[in-house]
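Asker:
Shown next as structure tokens:
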């Protein structure tokens, strides 16, 4: 007996297999013509000869003739994989930024100890030049190993290779231009930061450096980049924390206005560096980017030392004690290798995954860690105002860490991803 009506068979795509479902007809026949085939991915309707076997009220498809080969659509699968990969990348990036934050947080108390615990205070430009040089040596030595384990955001990036009609870009190439620019900003920031730390407390220096928390997303917002409201709330809390901490009277005897202003100036340079790093990190391989950046930073720091600090350096060398040399050596090795070598290398991939605005909020916890290190190693105390400011920073960090995962395919021309 022929079926008196069309049976609808739906092809459902599940994990690359097809599942067939048909409502049982009210008849005893086993052959059918004119069966309608419906496919939802991709959608199509065709006629096929299908042989059915009826067992009680169930139907079993035992033979299929004339059914077209399925063209599986992978768009939905790819979209799901992209979303999962983006979430994983974001979490890994957040963990990387958190680790970098600890390294950066150690920089203020470590550098401040070189001026606070030595009998003969070293010249700022000497410390700056040695730290940059040690960082360069570290990059040259360990970058081949880090390149194997640290993701390179420029690989597979949708960003086009940087092109420009600028003569400098055409002659030197994007890697050299990126390194020159980033090295300049980092040298200016590091120099201002060390000068500031030589004249103010490490707590003040660490908190004022975090003005980058406001500067980076504010500039992005002015450029039209969409910044979530939760990030803006976190920025406000972070700034409130900075204000409360600088009002702490327990810090008044070891801080100065000039030192605070220099640290604030360093924050501007560091914010510019972070924004430009976010751009260049998409276009230039990490190894080339960090190496050329460190070469530029080191050469500029050494040149600045010879131009402005040569006499002061000669006087210091003639009077320095062995114990001071030991402390200064430990300071420049840690600041050079951990802060200026490892951290910037990890920062490229971490910041690409998290985004500069979100990264700045996580970076905003640096003063809390710096305050703890300063208390244990330098004896710097924190009062009630400092505790309130620190609590505001913790809330800001929580808001940033729990913000919505960035959209991997943002429709904006420039996205905070």
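Numbering (mature numbering (1 follows the signal peptide of the UniProt record, and there is no 0)), first residue to last: -19 to -1, 1 to 398. Heads up, the beta-carbon is just placed ideally off N, CA and C, and yes, glycines get one too.
When the Cβ atoms of the segment 105 to 113 are set against those of the segment 342 to 357, are three or more pairs found closer than 8 Å?
Answerer: Contact fails: fewer than three Cβ-Cβ distances are below 8 Å.
Asker: Taking the straight line between their C-alpha atoms, what separation do you get for residue 163 and residue 299?
Answerer: About 35 Å.
Asker: May I ask which residues mark the beginning and end of the alpha helix (DSSP H) holding residue 354?
Answerer: Looking at the DSSP string, the run of the alpha helix (DSSP H) that includes residue 354 is 347 to 359.
Asker: If you measure between the beta carbons of residue 331 and residue 77, is that distance less than 7 Å?
Answerer: Contact: yes.
Asker: If you draw a straight line from the C-alpha of residue 362 to the C-alpha of residue 156, how long is it?
Answerer: Going from the Cα of residue 362 to the Cα of residue 156 covers about 45 Å.
Asker: Looking only at its own chain, which residues have a Cβ that is under 6 Å from the Cβ of residue 272, when we skip the five neighbours before and after it?
Answerer: The answer, listed in chain order, is 120.
Asker: Would the beta-carbon of residue 89 fall within 7 Å of that of residue 377?
Answerer: Taking 7 Å as the Cβ cut-off, residue 89 and residue 377 do not qualify as a contacting pair.
Asker: Just to confirm my understanding: we take residue 85, look at its own chain, exclude 5 residues before and 5 after, and list those with CB closer than 8 Å. What are they?
Answerer: Taken in chain order, the residues that qualify are 320, 324, 344 and 347.
Asker: Have a look at residue 128 and residue 326 and give me their C-alpha separation to the nearest angstrom.
Answerer: Cα-Cα distance, rounded: 9 Å.
Asker: Could you tell me which uninterrupted alpha helix (DSSP H) segments, each at least 4 residues in length, are contained entirely in the segment 181 to 215, listed from first to last along the chain?
Answerer: Fully enclosed alpha helix (DSSP H) runs of 4 or longer: 183 to 190 and 193 to 203.
Asker: Between the alpha carbons of residue 218 and residue 179, how many angstroms are there, rounded?
Answerer: C-alpha separation (whole angstroms): 28 Å.
Asker: Determine the burial state of residue 367: buried for a count of at least 16 other Cβ atoms within 10 Å of its Cβ, exposed for fewer.
Answerer: Its Cβ being crowded by 16 or more others within 10 Å, residue 367 is buried.
Asker: Leaving out five residues before and five after residue 102 in sequence, what residues of the same chain have Cβ atoms less than 6 Å from its Cβ?
Answerer: Within the same chain, residue 102 has close Cβ partners 96.
Asker: Determine the DSSP secondary structure at residue 112, reduced to helix, strand or coil.
Answerer: Residue state, collapsed to three classes: helix.
Asker: Taking the alpha carbon of residue 375 as the point to measure from, which residue in 92, 94, 215 and 81 has its own alpha carbon closest?
Answerer: Nearest of 92, 94, 215 and 81 to residue 375, Cα basis: 215.
Asker: Given a cut-off of 7 Å on the beta-carbon distance, is the pair residue 252 and residue 196 in contact?
Answerer: Cβ atoms of residue 252 and residue 196: closer than 7 Å.
Asker: Starting from residue 237, trace the alpha helix (DSSP H) both ways and give me its first and last residue.
Answerer: Run containing residue 237: none; DSSP gives neither H nor E here.
Asker: Sorted by chain position, which residues of the same chain lie with C-beta nearer than 6 Å to residue 400's C-beta, five sequence neighbours on each side aside?
Answerer: Shown here, the chain extends from -19 to 398; a query on residue 400 therefore has no answer.
Asker: Could you tell me the distance, in whole angstroms, from the CA atom of residue 203 to the CA atom of residue 292?
Answerer: Each residue's alpha carbon lies about 45 Å from the other.
Asker: Nearest to residue 115 by alpha carbon, out of 71, 242, 313 and 260?
Answerer: Minimum Cα distance to residue 115 is reached at 313.
Asker: Going by C-alpha distance, which of 75, 123, 274 and 226 is nearest residue 401?
Answerer: Nothing about residue 401 can be reported from this structure: the residues present for the chain run from -19 to 398 only.
Asker: Specify the secondary structure class of residue 308 as computed by DSSP and reduced to three states.
Answerer: Note: residue 308 maps to helix in three-state DSSP.
Asker: For residue 255 and residue 337, which I take to be in contact (beta-carbon distance under 8 Å), what is that distance rounded to the nearest angstrom?
Answerer: At roughly 5 Å, the Cβ-Cβ gap stays under 8 Å, so residue 255 and residue 337 are in contact.
Asker: Among 290, 94, 213 and 72, which residue has its Cα nearest to the Cα of residue 308?
Answerer: Nearest of 290, 94, 213 and 72 to residue 308, Cα basis: 94.
Asker: Judging by CA-CA distance, which residue of 118, 80, 264 and 242 is the nearest neighbour of residue 181?
Answerer: The residue with the shortest Cα to Cα distance from residue 181 is 242.
Asker: Grab the span of the alpha helix (DSSP H) containing residue 301 for me, first residue to last.
Answerer: Element bounds for residue 301: n/a, residue is neither H nor E.
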